[in-house]
Amino acid sequence: MTFINYASREINCKIVYYGPGLCGKTTNLQYIFDSTAPQSKGKLISLATETDRTLFFDFMPLELGTVRGFKTRFHLYTVPGQVFYDASRKLILKGVDGVVFVADSQEERMDANIESLYNLEENLQSQGYDLMNIPYVLQLNKRDLPNVVPVPDLAAELHRKSEPVIEAVAATGVGVFDTLKAVAKQVLTELRKS
Amino acid sequence: MADTPIVMREQQYHQIKAVLAKLRLDSSARVAFLVDKDGQQIAVHGDVSTLDTTSLASLAAGNVAATTGMAQLIGEKEFPTLSHEGERESIHISVIGRVLLIVVFDERSSLGLVKLRVKQASVELASIFEEVIRESSKKETAEASLFAEITDEDIDSLFN
Ligand SMILES: Nc1nc2c(ncn2[C@@H]2O[C@H](COP(=O)(O)OP(=O)(O)O)[C@@H](O)[C@H]2O)c(=O)[nH]1
Ligand SMILES: [Mg+2]
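Chains as they are written, first to last, in the numbering used here: chain A, -4 to 189; chain B, 8 to 167.
Right, dumping it as structure tokens:
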């Protein structure tokens, strides 16, 4: 949950990248990490297995600058995609302020997207959240591949509300910052309401 | 809607810092560190020049979340304390409601001493934090207007 510290004048928010295995969540974080100035970021921590699959989470703190004199710090997390890591996915959603769903645009990953999105809704619910009411962005990743589902079809299948839908090629950075910006904007707008 | 934000005021922050300072001294620890259960750091006292506190906060929260998950699988609510002892450096974590108290110590201290002092500090921290939570849920006009004034331009300017 958002943490506002008046003494150190900081706002801390937590954003989680969700999606099926190998859809490009870690790649999103890696790109943000690689293109951010050293003074604005901390370490990118990956709790990965030996075969490089995310085991528990990836984590990266990112400082975006100040709003009304408050330093805004975003804590970005990814979840492990594999079905059998559901327990760790639930844990990472605790205290979340905003969610990015990274969909894999390839035809053969359609079922995996649907299953993961369903799992997100369920896990949010188990933590007391409702996807319909939290800051949320749908990213359609891997648009560079030949076998992708057309954007309108993919969006029609996966969108849940009037969330921003952003096309991306995380591997080269296309759409990565647009996605982050879209979710960060909603999180900060929530503060305005609270 | 996500949880209501936790709002920490100057005065409470300094109270917390004072408790951490005393704890560190009394337990001869390197660092005393308070983070919330989501991994966001709240206050720290001690020599942190070589310590990546942001990463430590996130990993400690992940560690507690994972062990709490394990506790529930065997029918416990949570494990209130965790300690990891290394060859020279060690970590003690205790769960105080919504926050975690982390103490980093080396051979100049001992787990027994740290546990004792942490117990005492926990009582004080719990009561300060109760107040933080209570006040966070109150709507205060000053803050309300501060954030109500955030404009789209303010937000856009973060991404330049
Ligand atoms: N062609 C292509 N490959 C991508 C893209 N994004 C990620 N990948 C690749 O997909 C694989 C899995 O990505 P990763 O970020 O580890 O997936 P995660 O399981 O969601 O964290 C890696 O080999 C990436 O290089 C993309 O936009 N286009
Ligand atoms: Mg990954």
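In this text, a Cβ means the ideal position worked out from N, Cα and C, and glycines have one as well.
| Item | Value |
| --- | --- |
| Touch test, the stretch 80 to 89 of chain B against the stretch 43 to 58 of chain B, Cβ-Cβ under 8 Å, three pairs minimum | no |
| Boundaries (first-last residue) of the beta strand (DSSP E) holding VAL94/A | 93 to 99 |
| Inter-residue Cα distance where the pair is ILE100/B and GLN120/A | 29 Å |
| Bridge-paired residues (DSSP) for TYR9/A | Looking at the sequence shown, residue 9/A is not Tyr but Lys. Per DSSP, HIS70/A. |
| Contact under 8 Å by Cβ, HIS70/A with GLN48/B | no |
| 8 Å Cβ cutoff, GLU156/B in contact with chain A | yes |
| Three-way DSSP call (helix, strand, coil) for THR88/B in this model | strand |
| Segments of 4+ residues assigned as alpha helix (DSSP H) that fall wholly inside the stretch 70 to 148 of chain B | 118 to 144 |
| Residue range of the beta strand (DSSP E) that includes PHE40/B | 38 to 43 |
| Residue closest to PRO159/A, alpha-carbon to alpha-carbon, out of GLN181/A, LYS20/A and PHE(-2)/A | GLN181/A |
| Interface residues of chain B facing GLY60/A [CB-CB closer than 9 Å] | SER164, LEU165, PHE166 and ASN167 |
| N-terminal and C-terminal residue of the beta strand (DSSP E) that ILE49/B is part of | 48 to 53 |
| ALA2/A versus THR88/B - alpha carbon distance | 28 Å |
| Residues near VAL164/A by beta carbon distance below 6 Å, same chain, minus five either side | ARG138 and ASP139 |
| Residues of its chain near ILE209/A, where Cβ-Cβ distance is below 6 Å and the 5 sequence neighbours each way are ignored | Shown here, chain A extends from -4 to 189; a query on residue 209/A therefore has no answer. |
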